[in-house]
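The block underneath contains the structure these notes are about, expressed in structure tokens.
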Amino acid sequence: MIEIRGLIKRFDGKAVTRNAVDGIDLTVPEGELVTLLGPSGCGKTTTLRLIAGLERPDAGEIRIGGKAVYSSDDNVYVSVHQRPIGVVFQSYAVWPHMTAVQNVMFPLRSGQKKLPVPEARRKAMEALDLVGLADLADRPAPALSGGQQQRISLARALTREPEVLLLDEPLSNLDKGLRDRVRDEIRAVQQRLGITTVFVTHDQDEALAVSDEVILMEFGRIVERGPAQQIYARPRSEFTARFMGISNSIPGTVTACDDDLVDITLPHGSLRCVAAGDLEEGSQVNVFIRPESLSLSRKDATGKGWKGTVEFSIYHGDCWDYHVRVGDTLLRSRIYKEKVGLSHGDPVFVSPDEETAIAIPADAAPGG
Ligand code: ATP
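If you're matching positions, the sequence shown starts at 5 in my numbering and goes up one per residue.
What follows is the structure, given as structure tokens:
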């Protein structure tokens, strides 16, 4: 439904001119939701604005539903109003002097469409019904919560009957509880309508929750892409591993390979784990282990635990994070138990869950 080839966008700065979007190739199949995920300034919003036609690219090609909306080679540029898209921004852009339904009707009554009131209202009510707000149609916009106002923006985008929905950080102005609810609502509507969607976020949990595919970006380029489960459980680069919250990283050397499993010698022990990419005996790697995949015990029952000392602990309500020094490395272990009873200076044995640890080549380039 969306095909992007060699997309480039440059912003001229005073000191440096660099590509905010630096040669992106991307295909979004019909009916799927992909997220553009990455740290601040990596080019997510610019990519979305280029698809929308709110910015003009410097080079490349964008096709929506098989039709070119931009092509530098063929000199094609279709304006934002002519593209078959609906856009929802971070700021809800809801007009305060109108009711919910008037907000949704407004674009249908203005611009090229100019639908008669009864038809515009019928279409607006259908869209409000889709986002679960039909009951509040006649409520003034300022009397709606932030989450409800954002759903109005979504309803307004849907009245265009777009082929593609573009969502730019639609949840970031909402507080935590509301954010989860509106996120679920957006995913439910997207799946119900089967509408092709691009969703921009810098929040990895949000990306995992809603995506068919996650596109991870850095410096205007795509670093890694894949289904949410793959990006979470089998990152192929250190950037992805760290961005997806795998905070423990231990340098090691491969001593044996067996398909995608490898034996690794670490400064304070050894383990067998999954390899990301091609590794051979002698390869230098970093082993990434999620905090929840490191267990702690006072006794070394298996004889394979790593000897360490508790430095400090942090309480999160549903779990404890224990920071344990093992040799020169400070490891974080997340324990979901009410009382573990370890404190500063206590000796412990650390055992990794070998099934979830991943060895990534130490020199793995982004995209690995
Ligand atoms: P964030 O999560 O902070 O919104 P992002 O990944 O969406 O970041 P973009 O907003 O796409 O990043 O910005 C990419 C780069 O382009 C940044 O370095 C930004 O400063 C620059 N940039 C974006 N818009 C403009 C502009 N209108 N003029 C100049 N530079 C810009």
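Backbone N, C-alpha and C define an ideal beta-carbon position, used for all residues, glycine too.
- Distances from the alpha-carbon of residue 334 to those of 247, 137, 44 and 253 put 253 closest.
- A distance below 8 Å separates the beta carbons of residue 231 and residue 217.
- With contacts defined as CB atoms closer than 8 Å, residue 201 and residue 208 fail to qualify as a contacting pair.
- Annotation: residue 111 to residue 160 spans about 8 Å, alpha carbon to alpha carbon.
- As DSSP reads the structure, residue 337 sits in a beta bridge with 326.
- Summarising the contact set, residues whose Cβ lies nearer than 5 Å to any heavy atom of ligand 1 are, in chain order, 15, 24, 44, 45, 46, 47, 48, 49, 50 and 206.
- Residue 10 places its beta carbon 8 Å or farther from that of residue 220.
- Its Cα nearest to that of residue 92, the residue 157 stands out among 145, 157, 114 and 288.
- Between the alpha carbons of residue 272 and residue 244 lies a distance of about 25 Å.
- Bounds of the alpha helix (DSSP H) holding residue 188 are 180 to 197.
- From the listed residues 347, 279 and 354, the smallest Cα separation to residue 365 is found for 279.
- Cβ neighbours of residue 225 within its own chain (closer than 6 Å, five residues either side excluded): 26.
- In the three-state scheme derived from DSSP, where H, G and I count as helix and E and B as strand, residue 86 is classed as helix.
- Runs of the alpha helix (DSSP H) lying entirely within the stretch 37 to 92 and spanning at least 4 residues, in chain order: 48 to 56.
- Here DSSP, grouped into helix, strand and coil, assigns residue 290 to strand.
- By the CB criterion at 8 Å, residue 57 and residue 88 fall outside the cutoff.
- For the options 183, 52 and 314, the alpha carbon positioned closest to that of residue 348 is the one of 314.
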